[in-house]
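Residue numbers (mature numbering (1 follows the signal peptide of the UniProt record, and there is no 0)): -21 to -1, 1 to 406.
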């Protein structure tokens, strides 16, 4: 198990170094042609930093995107506005929704003849989100000396601008319209056309490409892929809990969780605190299952910590709730199917307390067990079940694990916690 995880980490680090590119050109060209998310922010931030370090003359961000997550778009917008390098936005296709905000952030905005910009409807489409995003568009337009009302109309369908947009319709502009109302500064049919307009030698332009690692991490951090990874991880861990030993299920579960967190850490979605919260939650759940009879405060706290950590990973509460619901439902269904297949297990015994057992007793009478001798009905690792005077009792071993069928003596009783030790041959 340790060797497998070590090999995985070595491959992960090696892959991250492979295909990494360093920027050396006078003009940097970045393609923004996919969903706006934290992976795209990480990619743009890295290359803007490199452009600043080499004191590049220009950075051209070529945009063809249907939009994405608003928080990621805001981070990209802020990074562009604070950049020390002159940035040109080039809409070559579509700059819709969150992508329109990024396009507006450039010092100059070029647009190709067949392109469009706008249609920035919020999800969810509620007033507080509309109001906030509308003002972000307006502030960005003002920063670049463009008409803020036209930018706002891309977000808020309640706005009406005579001769441009009717009420109850979101504003989307063609290239010609964008030029006419001053949202776009110039038109360019291609990167070469833009370079000629800016008196840039094409040989001075370097297009930066995503490394293999960046592409993979971008896929992993997508909410759909993240949901699938979590379902696989939790299902694998349930399988491990239902089967003896630590083998396939535990290995798959841990590696899948490593991949999940690696993707989100790489793209800047989370920090160390979220990972620590998740680990603490897992530890509490394991302690409840294997160390503490029954299922109470530790287990509930562990589940709450795990769900909370996962909730804060995703871009907004709506996505987080949808992802968690999908993960919980699918994992429960898979878990029930596996439980039916593999039957009773150490995991189930720990959380159910076998309350339907004919001879099972509550903690009220457990004080009477002190100094009594019995026999283990299951392996104590360190928690398990013993038999005392014909009764089935949850117990915990004093130290090391105790195998099934061993003679034991109760040495301590505290509430529902019964502690036993193995009776030596000399006793």
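Where a beta carbon is used, it is the ideal one built from N, C-alpha and C, also for glycine.
Considering only their Cβ atoms, is the gap separating residue 314 from residue 217 smaller than 7 Å?
Within the chain shown, residue 217 is the residue found at index 238, counting from 1. Within the chain shown, residue 314 is the residue found at index 335, counting from 1. Result yes, Cβ atoms of residue 217 and residue 314 sit closer than 7 Å.
Taking only runs that begin and end inside the region 220 to 248, name each unbroken alpha helix (DSSP H) of 4 or more residues, in chain order.
227 to 245
Going by CA-CA distance only, name the one from 72, 77, 143 and 358 that's closest to residue 46.
Here residue 46 refers to the residue found at position 67 of the chain shown. Among 72, 77, 143 and 358, the Cα nearest to that of residue 46 belongs to 77.
Could you tell me if residue 251 is buried or exposed, where buried requires 16 or more neighbouring beta carbons within 10 angstroms of its beta carbon?
Residue 251 sits at position 272 when you count from the first residue of the chain shown. So residue 251 counts as exposed.
My output table needs one value for residue 369: the three-state DSSP class, helix, strand or coil.
As a first step, residue 369 is located in the chain shown; it is residue number 390 there, counting from the start. Residue 369: coil per DSSP, three-state reduction.
Check this for me: beta carbons of residue 392 and residue 401, under 7 Å apart or not?
By 1-based counting over the chain shown, the position of residue 392 is 413. By 1-based counting over the chain shown, the position of residue 401 is 422. No, these two residues do not count as a Cβ contact at 7 Å.
Where DSSP assigns a beta bridge to residue 407, which residues make up the other side?
The chain is shown only over -21 to 406; residue 407 falls outside these bounds and no answer can be derived.
Residue from 359, 170 and 40 with nearest C-alpha to residue 79
Position 100 of the chain shown holds residue 79. Per the Cα distances, 40.
Spatially closest choice to residue 89 from 17, 173 and 349, by CA coordinates:
Taking the first residue of the chain shown as position 1, residue 89 is located at position 110. Here the closest residue by C-alpha is 173.
Between residue 394 and residue 363, what straight-line distance do the alpha-carbon atoms span, to the nearest angstrom?
For the purposes of this step, residue 394 is identified with residue 415 of the chain shown, where counting begins at 1. For the purposes of this step, residue 363 is identified with residue 384 of the chain shown, where counting begins at 1. Approximately 16 Å, taken between the alpha carbons.
Kindly list the residues whose CB is nearer than 7 Å to the CB of residue 92, restricted to its own chain and excluding five residues on each side of it in sequence; keep chain order.
Translated into the one-based positions of the chain shown, residue 92 becomes position 113. 154, 166 and 168, listed in sequence order.
Going by the beta-carbon positions, is the gap between residue 353 and residue 345 smaller than 7 Å?
Here residue 353 refers to the residue found at position 374 when the chain shown is read from its first residue. Here residue 345 refers to the residue found at position 366 when the chain shown is read from its first residue. Cβ atoms of residue 353 and residue 345: not closer than 7 Å.
contact_flag[the region 288 to 308, the region 183 to 197] where n(CB pairs < 8 Å) is 3 or more
no
Checking contacts by CB at 7 Å: is residue 372 closer than that to chain B?
No chain B is present in this structure, which holds just one protein chain.
So for residue 35, helix, strand or coil by DSSP?
For the purposes of this step, residue 35 is identified with residue 56 of the chain shown, where counting begins at 1. In the structure shown, residue 35 sits in coil (DSSP, three-state: anything other than H, G, I, E or B).
Specify, as a first and last residue, the run of the alpha helix (DSSP H) that residue 189 falls within.
Position 210 of the chain shown holds residue 189. Counting along the chain, residue 189 falls outside any alpha helix (DSSP H), and DSSP gives it neither H nor E.
Compare the beta carbon distance of residue 9 and residue 187 with 7 Å and say whether it is the shorter of the two.
Translated into the one-based positions of the chain shown, residue 9 becomes position 30. Translated into the one-based positions of the chain shown, residue 187 becomes position 208. Cβ atoms of residue 9 and residue 187: closer than 7 Å.
Would you kindly report the start and end of the unbroken beta strand (DSSP E) that includes residue 279?
Position 300 of the chain shown holds residue 279. Where residue 279 is concerned, there is no enclosing beta strand (DSSP E), although the alpha helix (DSSP H) it sits in stretches over 276 to 290.
Assuming residue 51 is part of the alpha helix (DSSP H), what are its boundary residues?
In the chain shown, the residue the question calls residue 51 occupies position 72. Note, residue 51: alpha helix (DSSP H), 49 to 61.
Would you give the residue range spanned by the alpha helix (DSSP H) that residue 401 belongs to?
Start at 1 with the first residue of the chain shown, and residue 401 comes out as number 422. First-last for residue 401: 396 to 401, but that is the beta strand (DSSP E), not the alpha helix (DSSP H).
Who pairs with residue 96 in a beta bridge, going by DSSP?
Residue mapping note: residue 96 aligns to position 117 of the chain shown, counting from 1. Bridge partners of residue 96: 74 and 152.
Taking C-beta to C-beta, are residue 109 and residue 135 nearer than 7 Å?
For the purposes of this step, residue 109 is taken as the residue at position 130 of the chain shown. For the purposes of this step, residue 135 is taken as the residue at position 156 of the chain shown. In contact: residue 109 and residue 135 (Cβ atoms closer than 7 Å).
So residue 121 is in the alpha helix (DSSP H); what residue range does that whole segment cover?
Residue 121 sits at position 142 when you count from the first residue of the chain shown. Taken as a continuous stretch (DSSP letters only), the alpha helix (DSSP H) holding residue 121 covers 106 to 122.
Provide the residue(s) that pair with residue 387 in DSSP beta bridges, ordered along the chain.
Taking the chain shown and counting its residues from 1, one reaches residue 387 at position 408. Residue 387 is bridged to 353 and 401.
Once the 5 residues before and after residue 396 are set aside, which same chain residues still bring their CB inside 6 Å of it?
On the chain shown, residue 396 is found 417 positions in, with the first residue counted as 1. Counting only Cβ-Cβ distances below 6 Å, and skipping sequence neighbours, we find nothing.
Mapping the DSSP letters down to three states, classify residue 28 as helix, strand or coil.
Taking the first residue of the chain shown as 1, we reach residue 28 at position 49. Note: residue 28 maps to helix in three-state DSSP.
Given 8 Å, three or more beta-carbon pairs between the region 141 to 158 and the region 114 to 124
no
Going along the chain, which residues of its own chain have a beta-carbon closer than 7 Å to the beta-carbon of residue 103, five neighbours each way excluded?
Within the chain shown, the letter at position 124 stands for residue 103. For residue 103, where only same-chain residues beyond five positions count, the Cβ hits under 7 Å are 297.
Go through its chain and collect everything with a Cβ distance to residue 390's Cβ below 6 Å, but skip five positions before and after it.
Looking up residue 390 in the chain shown gives position 411. Counting only Cβ-Cβ distances below 6 Å, and skipping sequence neighbours, we find 398 and 400.
Residue range of the alpha helix (DSSP H) that includes residue 173
Position 194 of the chain shown, counting from 1, holds the residue named residue 173. 170 to 176 is the span of the alpha helix (DSSP H), which, as asked, contains residue 173.
Quick one: give me the first and last residue of the beta strand (DSSP E) that residue 7 is part of.
Position 28 of the chain shown, counted from the start, is the residue given in the question as residue 7. Per DSSP, residue 7 belongs to the beta strand (DSSP E) from 6 to 11.
Could you spell out where the alpha helix (DSSP H) holding residue 130 opens and where it closes?
For the purposes of this step, residue 130 is taken as residue 151 along the chain shown, with counting starting at 1. Counting along the chain, the alpha helix (DSSP H) containing residue 130 begins and ends at 127 to 132.
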